[in-house]
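Its first residue numbered 16, the sequence shown is counted upward by one per residue in the working numbering.
Heads up, the beta-carbon is just placed ideally off N, CA and C, and yes, glycines get one too.
In this text the structure is predicted, and so the values were computed from the model without any measurement.
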Amino acid sequence: MSFKVTAITFCQIILTQVALFVVIWSTCYGISPVAALPWNGSVFAFMILFAIAYVAGQLCSLIRVPPLVGMLIAGIILSNLTQIPLDPETSSLARDLALGVILLRAGTSLDPGALKKLSLVCLRLAFTPCIVETIVLAVTTHLLLHIPFLWCMVLGFVCVATSPAVIVPAMINIQDLGYGIDKGIPTLIMGGSSVDDIMAITCFQIFLSLVMSTSGSILSTLLGPIEAVGGLALGTALGLLFWILPPKCDPDDLESRALGSKIRFAFLFFTGISFIITTKALGCESMGPLGVLSMSFVASLRWRSEGYLDNMNSSLRDVWFFCEIFLFSLIGYEVKFTSLESTTVLWSLVCLVIGSIARTIVSFFIVAGAGLSVKERLFIAMAWLPKGTVQAAIGSIPLEMARRKNDETMIGYGLVILTYAVLSIILSAPLGAFLMSFFGPKLLQKSTKNQTEGSLEANVSKHPV
């Protein structure tokens, strides 16, 4: 009986999704028949990409592989086996939107109080493996592929950020089973992953601005870092402005509070997306990401204490559902087999493996002295492997900027960075998810307590990037 009910429910879900797809397509057809018609219609092409990537993600989740891997592979297959025409400007806009949402979620999820409770171990885990892996990737890539070292640093910071989209669900599952709770291991890993991402994105923007400098003058070289600092300052100012606007709602009026949360979400979301797109249009791309990150972080300091942040993060998660599918499928779509050289792919794999080994070793030793056993430190090192979200968001940015400059040499470097980003996702996301789920119960001690200590774990786990 239960199987029959489950089968009926599953069919209802599938039919609902198909019906929703048809309704959205028919609406697009009513607005622009040419754009919605297959195969020459740009709207239809994006809808097909979205639908196939979504199905691929669901299929991967059935075999316990992170859905983002299926979305990525779907994009690669559609790019190389079909002639689906995707408008480059629309694709770029979709990636900018996804990047904006990632940065907003990263900023609002970073809780200073939680980091303080997590102590310096969290910061050591967030910074040290990230920096070491970046340097190892940069050096090995420079030696094997003969790419300029600054470009190799850009490549390194693209590839080193961990993926909360993979880590957080695994940690929540382990936490629910009661493993590692007594020593706060799930909290340590989830909190550190957000800091790790912010570190990687910040350094990526700084080095990218340096390599994109077309002039050899000192002013031109310093322009990128100046833009980054300017973005942080402007973002901080906007975040402080959100402390004043919109006005505070009556805490006893539930309807007013709900409306206040929606207004704040709209302010933050559209300001963040506008920041990304406008600075890009003005040629100051280094300002955008860091500005959005600092703006959302500063704004969340006040909104967290006023009780608006949970509803806001819930809204950001809803938006991220759509952005995630487009983001991973679009970066997969950028991969053209005809543009790849077998030697480049081979050396990329070698460098990524060497970098991952270095990261694992450093992660194991960096948490020494924190009262953790050898098995627990080994698990943390495994959990620090998965890549995904940040690589998909920023992996194609150097290639996109190089194409706008119409510089063939830079385009070649951008293709190498994109190749690294895609390979790092395909290799590390499923491997990391498997290692965490399989070795978690074997390496971590099960808690004797009925509940987790405090609400810190729940607070961190609610808001993965």
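For Ser439, the closest of Leu87, Thr286, Val70 by C-alpha to C-alpha distance is Leu87. Runs of alpha helix (DSSP H) with 4 or more residues, each lying fully within the segment 340–404, are found at 357–381, 389–398, listed in chain order. Residue pairing of Tyr194 in beta bridges, as defined by DSSP: Lys461. Per the Cβ contact rule, the segment 341–357 is in contact with the segment 105–121 (3 or more Cβ pairs under 8 Å). For Lys263, there is no enclosing alpha helix (DSSP H), as DSSP marks it with neither H nor E. The shortest CA-to-CA distance from Cys299 to any of Ser208, Ile241, Gly199, Lys351 is the one to Ile241.
A buried status is given to Ala448, since no fewer than 16 other beta-carbon atoms sit within 10 Å of its beta-carbon. In the same chain as Gly306, and ignoring 5 residues on each side of it, the C-beta atoms closer than 6 Å to its own belong to Gly246, Leu249, Gly250, Phe290, in chain order. Under the three-pair Cβ rule at 8 Å, the segment 92–103 does not count as touching the segment 167–179. Shown here for Ala89: same chain residues with a beta carbon closer than 6 Å to its own, the five before and five after excluded, namely Ile67, Ala68, Ala71, Ser344 in chain order. Separation of Thr149 and Gly370 (C-alpha to C-alpha, rounded to the nearest whole angstrom) is 8 Å. Val431 is not a Cβ neighbour of Leu165, given a cutoff of 8 Å. Around the C-beta of Cys145, 16 or more other C-beta atoms lie within 10 Å, and the residue is accordingly described as buried. Each of Ala436, Tyr194, Gln460 was checked against the Cα of Leu364, and the nearest Cα belongs to Ala436. Here DSSP, grouped into helix, strand and coil, assigns Thr177 to coil. C-alpha of Asn95 to C-alpha of Ala314: approximately 43 Å in a straight line.
Asn95: member of the alpha helix (DSSP H) spanning 82–96, first to last residue. In the three-state DSSP reduction, Tyr323 falls in the coil class, being neither helix nor strand. Between the alpha carbons of Ile216 and Ala176 lies a distance of about 8 Å.
Leu125 sits close to Phe312, with the two beta carbons spaced by under 8 Å. Bounds of any alpha helix (DSSP H) do not take in Ser228, whose DSSP letter is neither H nor E. Annotation for Ser57: Ala50, Pro100, Leu101, Asp102, Thr105 place their beta carbon closer than 8 Å to its own, counting only its chain and skipping 5 residues before and after. Phe65 is classed as buried because its beta carbon has at least 16 other beta carbons within 10 Å across all chains shown.
The DSSP-derived three-state label of Gly115 is helix. Sequence-distant partners of Asp197 (beyond 5 residues in either direction) whose C-beta falls short of 6 Å from its own C-beta, in its chain, are Ser462. Annotated as distal: Val37 and Pro445, with beta-carbon spacing of 8 Å or more. In the pairwise beta carbon analysis, the segment 177–197 is classified as touching the segment 397–412: at least three pairs are separated by under 8 Å.
A buried status is given to Arg279, since no fewer than 16 other beta-carbon atoms sit within 10 Å of its beta-carbon. If you draw a 10 Å sphere on the C-beta of Asp191, you find fewer than 16 other C-beta atoms in it, and that means exposed.
With fewer than 16 other beta carbons inside 10 angstroms of its own, Leu77 counts as exposed. With a cutoff of 8 Å on beta-carbon distance, Gln220 and Ala243 are scored as near each other.
The DSSP-derived three-state label of Cys75 is helix.
Where Ile412 is concerned, the enclosing alpha helix (DSSP H) starts and stops at 412–420.
About 11 Å separates the beta carbons of Leu135 and Leu203, which is beyond the 8 Å limit, so they are not a contact pair. In this structure, DSSP gives His161 a state outside helix and strand, which the three-state scheme calls coil. The residues Gly115, Leu119, Val307, in chain order, have a CB closer than 6 Å to that of Gly287 in the same chain once the five nearest residues on each side in sequence are set aside.
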